[in-house]
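Worksheet for the structure shown next.
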Amino acid sequence: MKILVPVKRVVDYNVKVRVKPDQSGVDLANVKMSMNPFCEIAVEEAVRMKEKGGVDEIIVVSIGPQQAQETIRTALAMGADRGILIQTNEMVEPLAVSKLLAKVVAEEGPELVILGKQAIDDDSNQTGQMLAALLDWPQATFASEVAVANGKANVTREIDGGLQTISVELPAIITTDLRLNEPRYASLPNIMKAKRKPIDAKTPDDFGVDIAPRLKVLKVTEPPKREAGIKVESVAELVDKLKNKEGVI
Amino acid sequence: MSILLVAEHDNAALNDATRAAVTAAKAIGGDVDVLVAGSDAGDIAKAVAGIDGVSKVLHADGEAFAKPTAEAMEALVLPLMDKYDVLMAVASTMGKNFAPRIAAKLDVMQISEISAVESADTFVRPIYAGNAMMTVQSTDAKKVITIRPTTFEKAGDGGSASVETIEAPSGPFKSEFVSEELSKSDRPELTAAKIVISGGRGMQSGDNFVLLDKIADQLNAAVGASRAAVDAGYVPNDYQVGQTGKVVAPELYIAVGISGAIQHLAGMKDSKIIVAINKDEEAPIFSVADYGLVADLFNALPELEAELTKIGL
C-alpha cells in the first residue's frame, strides 16, 4: 500500500502573529516557519503504519514556495520515502489545493491519503474533505485512532461531546486530530539520510489546475482587544463582585 | 437569495447553535429554509418550524441519518443545492465534516467559521487562532458557509414555517457509522453553558478536577480544560477549550490554574466576564481577565466552594 501525506509550511505555532499596519495581511517577514502541527501528526501516523508493515511507500507532497522543500525534508527525516513540491508563490486556497492533490493521487495511486485536519494559519479545515469529494472517496475526519485491515479503515473520530467510530472503505481520506499520536523528533542520521531522498519539482501548471483565488481578502485586522480588569484580594471579594456587581452567579 | 441551513441536533433535542445560524442567515437576507436530517426527528422539525425567521423546514428522515456520515449528507444535500444560493451549517464537528465536501462538489471555496456577516457576499472570519480577523468577499456564484455559533445571537421563537417531508437517501455509502461514546454528564454542555469553569496544568492531576466539579455543580456550570491539561492526560479531549478544542462564550468563564496560552485564549476570549485564579501574578491570563485572583488554587477553590454555599448556592 502507498500512502500520500500532504504537508503545509506555516508560521510556527509558538509565534504570535502581527497584523500589518496596512491591513493587507499578517507580517510573515523574518518569522519562524514550521510544518503545520496537524500535518506532523499525519506524517507520524503514516510512518508508524509503515513500521508495522504493509506499507510500501510514503510520498509527501507540499504546495508552496521554494522553502516548502524544508518542510518536505522534515517529513523525509521522520521516515517518509520521497517528496513532491508543487512550487508557487501565490496563496493557494483549500479548493485549489485539493484539486492539485486530486491530480497527484491520480498519478501516484495511493490507497490512503492522510492529512492534518486544519492548517493553523488560515484555520479553514477543508482540504481533506474537499479532496475526498473530488475523488469520490470516503472520509474519516478528526481521527484519534486508526486501524487498517481487510480493505477498510476503522477510525475513531473526535466529535463534539465524545468519540465516534466509523468504518470506511479504502481508498480513503483520513484527517488527523491532536491525540492521534505524538510526532517523533528526527534523529541526526535520519536528517542526513533525508538529504539524499528524492524530491520532484512541479508547478500548478504541470497539472493544469487553475489556482486563482475565489475569495478576495478585503482586509486583515486585529481582533477586538480585551482590557485587563482588576485584581481582587480574596475569594469573598470575588464572589461579592460576581454576585452583586455583575449579576452572573 | 435563498439559503439552505442545516439544523444541528441529536434527534432528541435541537442544538441552540441552529438558532445562531438562523440569525447569521437572516443577516445575509432572503428566504431561510432549514433542513432537518435525522432519524425519528419529527419533533426537531416542529421545533425548527417555530423559530422566528425560518421560511420552510425540509425534513428528511431515515436510519442513515441517525448519525449521518459526510457521504450520507452529501447524497442528501448536494441535489437540493440546485435550488439554493447559499448552504449554511454550524462549524461543529458535524458541519465541519460535511460542508467542505458539498463545497468541492459545487466547485465553491467554502468560507469557514464566520464570526460576522458584512453583506450578502462579504464575511469576517478569525484566522491564526483568532489572533487576526480576515474580511473576505466571495466571488463564487453559490456560497458554502459555516458559522461560529458563539458570535451570533440566538433567534427566538415566533415563526410558523411549514414542514415539507423529503426523501432521505438510504445508501449504502462508502462509510458506515459503527459506534459512539459520548461523555456522560448531568452538567450543561460546554458550548451551551452559561457558566464554564476550566482547569489547566496547575490542577496537577485529573483527580484534582473534583475540586472544579463541586463548584460546577453549585453554579450549574460546565467543566472545561486547557490543552495543557488535556495533553497531560488529566481529562479527556472533549473538555478542551481553545483553538484546537471548543470555542465557548459563556456569561462567566472561570480559568483556574491556566496560564493563558494564545491557543487557549482563542477559545474563550469572547466570554462576557472572565475570572482568573492563578498563583503566578505574571500569567498572561490576567491580561484578559475582568477579575484576577492571585492565589494557590488548592486554597482558593475550597474557599470559593464555601463562599458559594454561604450565598445559598
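Sequence order for the protein chains is A and B.
If you want our numbering, it's the position in the first sequence, counting the first as 1, plus 861.
If you want our numbering, it's the position in the second sequence, counting the first as 1, plus 140.
Every residue, glycine too, gets a C-beta built ideally from N, C-alpha and C.
Computed from a predicted model, the values in this text were never measured in an experiment.
Ile-184/B sits away from Val-162/B, with the two beta carbons spaced by 7 Å or more. Here the alpha carbons of Ile-414/B and Asn-439/B stand approximately 20 Å from one another. Tyr-431/B carries a strand assignment under DSSP once its states are collapsed to helix, strand and coil. Taking the beta carbon of Arg-241/B as reference, the chain A residues within 8 Å of it are Gln-990, Met-991, Ala-993, Ala-994 and Gln-1000, listed in sequence order. Inclusion of Pro-971/A and Lys-1058/A in the CB contact set at 7 Å is not warranted, their separation being larger than that value. Against chain A, the beta carbon of Gly-432/B has neighbours under 8 Å at Ala-1089, Gly-1090, Ile-1091, Lys-1092 and Val-1093, listed in chain order. The Cβ of Met-249/B sits closer than 7 Å to at least one Cβ of chain A. For the set Ser-345/B, Gly-340/B, Leu-359/B and Val-428/B, the Cα lying nearest the Cα of Arg-1087/A is the one of Val-428/B.
For Val-415/B, the neighbours in chain A by C-beta distance under 8 Å run, in chain order, Leu-1099 and Leu-1103. Tyr-224/B is outside the set of residues whose beta carbon lies under 7 Å from a beta carbon in chain A. Against chain A, the beta carbon of Asp-156/B has no neighbour under 7 Å; the closest one sits roughly 13 Å away. In the DSSP assignment, Glu-316/B forms a beta bridge with Ser-1028/A.
Under the Cβ distance rule, Asn-237/B counts among the residues neighbouring chain A, one pair being separated by less than 7 Å. Contact annotation for Lys-1077/A against chain B: Val-276, Gln-277 and Thr-279 [CB-CB distance below 7 Å, chain order]. Residue-level contact check: Val-230/B does not touch chain A, since none of the beta carbons of chain A fall below 7 Å from its beta carbon.
Between Ser-411/B and Tyr-393/B, the C-beta gap is smaller than 7 Å, which places the two residues in contact. The continuous beta strand (DSSP E) containing Val-1093/A extends over residues 1091–1093. In the three-state reduction of the DSSP assignment, Asp-173/B falls in the strand class. Contact of Ile-402/B with chain A by beta-carbon distance below 8 Å involves Lys-877.
With respect to the C-alpha of Leu-437/B, the residue from Leu-351/B, Val-174/B, Asp-357/B and Ala-356/B having the closest C-alpha is Leu-351/B. When the Cα atoms are used, Cys-900/A and Pro-867/A turn out to be separated by approximately 7 Å. Within the model, the alpha-carbon separation for Leu-961/A versus Pro-1032/A is close to 18 Å.
Neighbours of Asp-378/B in chain A, taken as residues whose beta carbon is under 9 Å from its own, are Glu-1019, Ile-1020, Asp-1021, Gly-1022, Gly-1023 and Leu-1024 in chain order. In the DSSP assignment, Val-370/B falls within the unbroken alpha helix (DSSP H) covering 367–371. Put simply, the backbone Cα of Gln-884/A is about 5 Å away from that of Val-1081/A. Per the C-alpha coordinates, the member of Ile-981/A, Gly-914/A, Ala-903/A and Ala-1001/A positioned closest to Met-234/B is Ala-1001/A. Pro-882/A and Thr-305/B have their C-alpha atoms some 52 Å from each other. Between Ile-398/B and Ile-355/B, the C-beta gap is not smaller than 7 Å, which leaves the two residues out of contact. Counting the other Cβ atoms within 10 Å of the Cβ of Lys-207/B gives 16 or more, which makes it buried. Under the three-state reduction of DSSP, Thr-279/B is assigned to coil, being neither helix nor strand.
Look at Met-273/B: its C-beta is under 7 Å from a C-beta on chain A.
In the structure shown, Gly-944/A falls within a strand segment according to DSSP collapsed to helix, strand and coil. At least 7 Å separates the beta-carbon of Val-871/A from that of Asp-984/A. The alpha-carbon separation between Ala-239/B and Ile-1052/A amounts to approximately 39 Å. Between the alpha carbons of Gly-169/B and Asp-917/A lies a gap of roughly 53 Å.
Residue environment: Ala-890/A is assigned as exposed (fewer than 16 neighbouring CB atoms within 10 Å of its CB, all protein chains considered).
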